[in-house]
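S.K.: Got a structure here, written out as structure tokens. Questions coming.
In the numbering used here, the protein residues as written are 5 to 366.
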């Protein structure tokens, strides 16, 4: 291993850019010359409010977010948004459509059903969640309040190559595991939400990007902290926000801008994924179960053809400085998450290990 630190392929909380971690370390005791840590700084201070506004400005610049969309900084992770989507868009038990492509979209469906009438418009469960269901198989309700998709499934490694056209029905997209990894046409969505702990920052922060005309649709009985409009009206500071997570996200956004933005980072991500999938497909020991056209660039799921070698693979890869390659407990096998902060050198090291392991065990 040539890196000073091991290569981290964790699915989340995930790798952060080394430059960002160094800056956090340097500023931890004295943030911006204030003499105190950002961890000790009031969220009502002028310095923190300026940083919060700069974070939104940078996010809007990176994603090209139109003015008719509000940017909200929340807590509770994407998991809480499963409930908040239904509460804010389907008050009174109105119907909503869901496309199910893996564990997270399946759980979002189950949560929506606790609060209203949620139906399966399409699913790839019958084929083991190895693809996005072909668009011509979707059975959509034109009266649905929204259509929900998870555009990248971390567990099964399935990614939408493009956003579906949903007509007049608002598209709600859980983009937790690939937001900021490529350009996105935000205007095609009604709502985008994402937990931060993949490509944005530490766990504890959740981003919600919502078209302003969709605000104010929650039932009057909706708790204040579950109503998107409350966040929009109070600049996401109804209570103390996740201040440290916001600070790190601010640094990550600045790092992304310095890399050349999302078009530049997408080129790197395409290259990383192509290198790893190419090595897997060329081998006789490994197999990637997802259909090639729907494979995730962020979460490369694969397995060994002989499961008896799994334990040796994980032991030896960890010893080689390749961390967190074990697949999700719900699926097994292996998974390498290639988020923005995972460099090409890490993928090259992993490919070298895959080939060496196959020579010795294949």
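Ideal placement from N, C-alpha and C gives every residue a C-beta, glycine not left out. Nothing here was measured: the structure is a model prediction, and the numbers come from that model.
Could you tell me which whole alpha helix (DSSP H) segments of length 4 or greater appear in the segment 229-283?
M.R.: Considered as a whole, the segment 229-283 harbours 232-237 and 247-262 as its complete alpha helix (DSSP H) runs of no fewer than 4 residues, in chain order.
S.K.: How is residue 382 classed by DSSP in three states: helix, strand or coil?
M.R.: Lying before the first or after the last residue shown, residue 382 is absent from the chain, which here runs from 5 to 366.
S.K.: Taking 8 Å as the cut-off, decide whether the C-beta atoms of residue 364 and residue 338 are in contact.
M.R.: No Cβ-Cβ contact shorter than 8 Å links residue 364 with residue 338.
S.K.: Would you mind listing the beta strand (DSSP E) stretches within the segment 288-324 that are 3+ residues and don't spill past its ends, in chain order?
M.R.: Whole beta strand (DSSP E) segments, 3+ residues: 303-308.
S.K.: Can you list the beta strand (DSSP E) stretches of 3 or more residues lying completely in the segment 26-105, in chain order?
M.R.: 73-78 and 99-104
S.K.: Where in the segment 150-174 do unbroken runs of the beta strand (DSSP E), each at least 3 residues long, occur, reported from the N-terminal end onward?
M.R.: As far as the segment 150-174 is concerned, its whole beta strand (DSSP E) runs of at least 3 residues are 151-154.
S.K.: For a test of the three-state rule: what should DSSP assign to residue 145, helix, strand or coil?
M.R.: In the structure shown, residue 145 falls within a coil segment according to DSSP collapsed to helix, strand and coil.
S.K.: Given residue 76, which residues of its chain have a CB within under 7 Å of its CB, disregarding the five upstream and five downstream residues?
M.R.: 212, 214, 232, 235, 236 and 240
S.K.: Counting along the chain, where does the beta strand (DSSP E) carrying residue 339 start and finish?
M.R.: 338-341
S.K.: Does the Cβ of residue 172 have 16 or more other Cβ atoms within 10 Å, making it buried, or fewer, making it exposed?
M.R.: Per the 10 Å Cβ criterion, exposed.
S.K.: Using the Cα positions of residue 7 and residue 252, report the straight-line distance between them to the nearest angstrom.
M.R.: The predicted position of residue 7 is uncertain, since its pLDDT is 49 and thus under 50; a value taken from the coordinates is nonetheless stated next. Each residue's alpha carbon lies about 23 Å from the other.
S.K.: Within 10 Å of its beta-carbon, does residue 5 have 16 or more other beta-carbons around it, so buried, or fewer, so exposed?
M.R.: Interpretation of residue 5 is limited by its pLDDT of 37, a score under 50 that renders its predicted location unreliable; no figure is taken from the coordinates.
S.K.: Inspect the CB distances between the segment 150-158 and the segment 290-306 and report whether three or more fall short of 8 Å.
M.R.: yes
S.K.: Locate the alpha helix (DSSP H) running through residue 116, then write down its first and last residues.
M.R.: 107-119
S.K.: Nearest by alpha-carbon distance to residue 219: which of 70, 93, 111 and 274 is it?
M.R.: 93
S.K.: How close, in whole Å, do the beta carbons of residue 198 and residue 82 come, if the pair is a contact with beta carbons under 8 Å?
M.R.: 7 Å
S.K.: Determine the contact status of residue 245 and residue 57, defining contact as a CB-CB distance below 8 Å.
M.R.: no
S.K.: Go ahead and pull the three-state DSSP assignment for residue 5.
M.R.: With a pLDDT of 37 at residue 5, under the threshold of 50, the predicted position of this residue should be treated as unreliable, though the coordinate-derived value follows. Coil at residue 5, not helix or strand.
S.K.: Kindly indicate the opening and closing residues of the alpha helix (DSSP H) around residue 350.
M.R.: 348-365
S.K.: In whole angstroms, what separates the C-alpha of residue 121 from that of residue 334?
M.R.: Between residue 121 and residue 334, the C-alpha separation is close to 27 Å.
S.K.: Once DSSP output is grouped into helix, strand and coil, what is the label at residue 135?
M.R.: coil
S.K.: Are the beta-carbon atoms belonging to residue 161 and residue 355 less than 8 Å from one another?
M.R.: no
S.K.: Between residue 327 and the rest of its own chain, which residues show a CB-CB distance below 6 Å, the 5 nearest in sequence each way excluded?
M.R.: 10 and 12
S.K.: With a threshold of 16 other CB atoms inside 10 Å of the CB of residue 54, please say whether the residue is buried or exposed.
M.R.: exposed
S.K.: How should residue 36 be labelled, buried or exposed, when 16 other C-beta atoms within 10 angstroms of its C-beta is the threshold for buried?
M.R.: Classification of residue 36: exposed, given that the 10 Å Cβ count is below 16.
S.K.: Among 17, 62 and 31, which residue has its Cα nearest to the Cα of residue 259?
M.R.: It is 62 whose Cα lies nearest to the Cα of residue 259.
S.K.: Hey, would you say residue 294 sits closer than 8 Å to residue 134, going by beta carbons?
M.R.: yes
S.K.: Using a threshold of 8 Å, state whether the C-beta atoms of residue 193 and residue 175 are closer than that.
M.R.: yes
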